[in-house]
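Enquirer: Letter 85 of the sequence shown, counting from 1, is numbered 69 in the numbering used here, and no numbers are missing. Where is the CB? At the ideal position from N, CA and C, for every residue including glycine. Note that the structure is predicted; figures quoted are calculated from it, not measured. Provided herewith is a single structure, encoded as structure tokens, for subsequent inquiry.
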Amino acid sequence: MIKIIEINISEILLDEAACSEIINRACSRHSSWRVTGICADDSIVFIVVEDAPGLKVKNYRLAPLAGENKEEIAAEIKSRYDCGFTTTGSFMTCNGRYALFAEVDLKQEQETE
């Protein structure tokens, strides 16, 4: 099963936490639903949610992704990973680049390895 959530970029800029909660609520409806990708046009971000039981995600968070060049962007992605967040995807807004991050339960992931 697949679900596509559409969120206006202007809404993300106004309240990224509330928009993140839309994604979290959708995924909480079924224990195995996970975000598997994002796509965006000039005004809408499309969040793709699918049945993907392998990944253990605690929650999702939309947030700015700072960085002017590839080294800075890569450093921020690595820094967020070290804090327990994987990067699901990114998109551009009039305020710069934003990304969708997934907070992964690293302890649970390590126990299954």
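#1: Considering Cα atoms alone, identify which of 32, 28, 23 and 80 is closest to residue 8.
#2: DSSP on residue 35, reduced to helix/strand/coil?
#3: If you draw a straight line from the C-alpha of residue 15 to the C-alpha of residue 38, how long is it?
#4: Is it true that the stretch -7 to 13 meets the stretch 63 to 70, where meeting means three or more beta-carbon pairs spaced less than 8 Å apart?
#5: For residue 93, which three-state DSSP category applies?
#6: For residue 45, collect the residues of the same chain with a Cβ closer than 6 Å to its Cβ; drop the 5 residues on either side in sequence, then sort them by chain order.
#7: With distances taken from CA atoms, which of -10, 55 and 21 is nearest residue 36?
#8: Near residue -6, what residues of its chain come up, given a Cβ to Cβ distance below 8 Å and the 5 sequence neighbours on each side ignored?
#9: Given this structure, state the Cα-to-Cα distance separating residue 67 from residue -2, to the nearest angstrom.
Expert: So, to answer that:
#1: 32
#2: Residue state, collapsed to three classes: strand.
#3: 11 Å
#4: no
#5: Note that residue 93 has pLDDT 48, beneath the 50 cutoff, so the model's placement of it is unreliable and no number is given.
#6: 4 and 85
#7: 21
#8: 27
#9: 25 Å
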